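Peer 1: This note's numbering runs 564 ahead of the 1-based position in the sequence shown. Beta carbons: idealized from backbone N, C-alpha and C, even for Gly. Note that the coordinates shown come from a computational prediction; the quantities given were computed from them, not determined experimentally.
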Amino acid sequence: MHLPWFKIAPLDKGTRYTECVITPALDLPTINQTDNAIATKRVLLLKPRGFCAGVVRAIDIVQIALEKFGAPIYVRKEIVHNSYVVTDLAKKGAIFVNELDEVPEGARVIYSAHGVSPAVRQHAKERGLKVVDATCPLVTKVHVEAIKFAKQGYSLVLVGHRDHEEVEGTQGEAPDVTQVVSTLEEVAALVVPDPDKVAYLTQTTLSLDEARYMIEALKAKFPNIVGPHAQDICYATENRQVAVKNVAHGADLVLVVGSKNSSNSNRLVEVSKNLDTNSYLIDSADAIQPEWLEGVNTVAVTAGASAPEVLVKDVVEYLQTLGYGDVDEVEVMPENVRFGLPPEIVQAIASAPGALSSAR
Ligand code: SF4
565 MHLPWFKIAP LDKGTRYTEC VITPALDLPT INQTDNAIAT KRVLLLKPRG FCAGVVRAID
625 IVQIALEKFG APIYVRKEIV HNSYVVTDLA KKGAIFVNEL DEVPEGARVI YSAHGVSPAV
685 RQHAKERGLK VVDATCPLVT KVHVEAIKFA KQGYSLVLVG HRDHEEVEGT QGEAPDVTQV
745 VSTLEEVAAL VVPDPDKVAY LTQTTLSLDE ARYMIEALKA KFPNIVGPHA QDICYATENR
805 QVAVKNVAHG ADLVLVVGSK NSSNSNRLVE VSKNLDTNSY LIDSADAIQP EWLEGVNTVA
865 VTAGASAPEV LVKDVVEYLQ TLGYGDVDEV EVMPENVRFG LPPEIVQAIA SAPGALSSAR
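#1: Flag this pair as yes or no: are the beta carbons of Ile913 and Ile711 separated by less than 8 angstroms?
#2: By Cβ distance, which residues of its chain are closer than 6 angstroms to Gly733, with the 5 residues on each side in sequence left out?
#3: Starting from Ser647, follow the beta strand (DSSP E) in both directions and report where the run begins and ends.
#4: Could you check how far apart the C-beta atoms of Val667 and Thr768 are, in whole angstroms? I think they sit under 8 angstroms.
#5: Less than 7 angstroms between the CB of Leu883 and some heavy atom of the ligand SF4, yes or no?
#6: Rounded C-beta distance between Ala869 and Val876? I'm assuming under 8 angstroms.
#7: Would Ile644 pass as a contact of Val684 if the rule is Cβ separation under 8 angstroms?
#8: Given a cut-off of 8 angstroms on the beta-carbon distance, is the pair Val874 and Ile846 in contact?
#9: Note the first and the last residue of the continuous alpha helix (DSSP H) segment covering Lys809.
#10: Rounded to the nearest angstrom, what separates Val865 and Val880 at their Cα positions?
#11: Tell me whether Val703, by its Cβ, gets closer than 7 angstroms to a heavy atom of the ligand SF4.
#12: Thinking C-alpha only, which one of Val860, Ser826, Tyr882, Arg831 is nearest Ala851?
#13: Can you have a look at Val833 and say buried or exposed, based on whether 16 or more other CB atoms are within 10 angstroms of its CB?
#14: Under the criterion of a Cβ to heavy atom distance below 7 angstroms, does Thr742 qualify as lining the ligand PLP?
#15: Hey, would you say the C-beta of Gly904 is under 7 angstroms away from at least one heavy atom of the ligand SF4?
#16: Would you say Gly822 touches the ligand SF4, meaning its beta carbon is less than 7 angstroms from a heavy atom?
#17: Apart from the five residues on each side of it in sequence, which residues of its chain come closer than 7 angstroms, Cβ to Cβ, to Ala916?
#18: Using DSSP with H/G/I as helix, E/B as strand and the rest coil, what is Phe660?
#19: Compute the beta-carbon to beta-carbon distance between Lys605 and Gly887, rounded to the nearest angstrom, for a pair I have assumed lies under 8 angstroms.
#20: Taking just the CA atoms, how far does Asn861 sit from His793?
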């Protein structure tokens, strides 16, 4: 359902979901927490939330590979940053490794949704590994941009978190000319061979606001800097943040279901806190602390792009046991994105039509 104070501008034919305009109405009802007559405990369930197209694709790849090729299937790094998903796939026979050295020569390995650098691809080749690439196509888009700018002679500035696997992979496309920046101080300290030949890219899961001020700072420092045609922050990251922005002011608390190492989930917590609505990142309902709910009437619940719906359901059911009886789903925008599977998996499915019977 739509709450009455949300208006969704219609999408033009062909408009990307990320470009739809959300217009908060001006007459936002005030929640009076001291008036028992109207202070109903309720849950606002944000939509879109949870799995994005890249995560669905990556999990499908592992599940189909397990079914078609049989266990063990090795996966480099966590396939997506969610402990529930990783544990579930490990139970089904996936073996998660940190580096390719841990994969027996000639075995099958899947790259995670966050992508890998060319050095990793080369390493796999040297070890004779059978590779299935589950890199999200929207991460691949950033890799392609990095290669293009580097070939054109640009110094590259990659805005992102340098310890994140996605950033390691993108930086690896052009390591000699790429500098990673996470703060305004790092932007100020940048030194490049030619200030008129600089390009920027960003991690796909940054906060929209953080990316905006970082890019503004880069433009101030390098007036001729160029960037990607379309922003690198992906549709799923943007849509989930926009949903929080539109609902946080009507809630007393925002709970974000997601794992600690999930970048886009952490950003959702930040977005809410920046709007002065308290927020916590929780792996599951078990993590909810009773004191968080003291004096709280309206709890907004969302989930990062790698968090499964079953965990959201558990959170809502737990809140219901605590008296949060009304659950309203707030759809801030439609989202219906799907990505195709990689050729190795398509071929595997084609060679045994019944192979999808138990895959999601
Ligand atoms: S969060 Fe965005 S970039 Fe990451 S897997 Fe999902 S769609 Fe792809």
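Peer 2: On the basis of the data shown:
#1: no
#2: Gly679, Val680, Ser681
#3: Where Ser647 is concerned, there is no enclosing beta strand (DSSP E), although the alpha helix (DSSP H) it sits in stretches over 647-655.
#4: No, Val667 and Thr768 are not in contact; Cβ-Cβ is about 26 angstroms, not under 8 angstroms.
#5: no
#6: With a Cβ gap of about 13 angstroms, Ala869 and Val876 do not count as contacting.
#7: Just to set this straight, residue 644 is Val in the shown sequence, not Ile. Not a contact, by the Cβ cut-off of 8 angstroms.
#8: no
#9: 799-811
#10: 8 angstroms
#11: yes
#12: Tyr882
#13: buried
#14: Summarising the ligand content, the structure contains the ligand SF4 and does not contain the ligand PLP.
#15: no
#16: no
#17: Lys632
#18: strand
#19: 5 angstroms
#20: 43 angstroms
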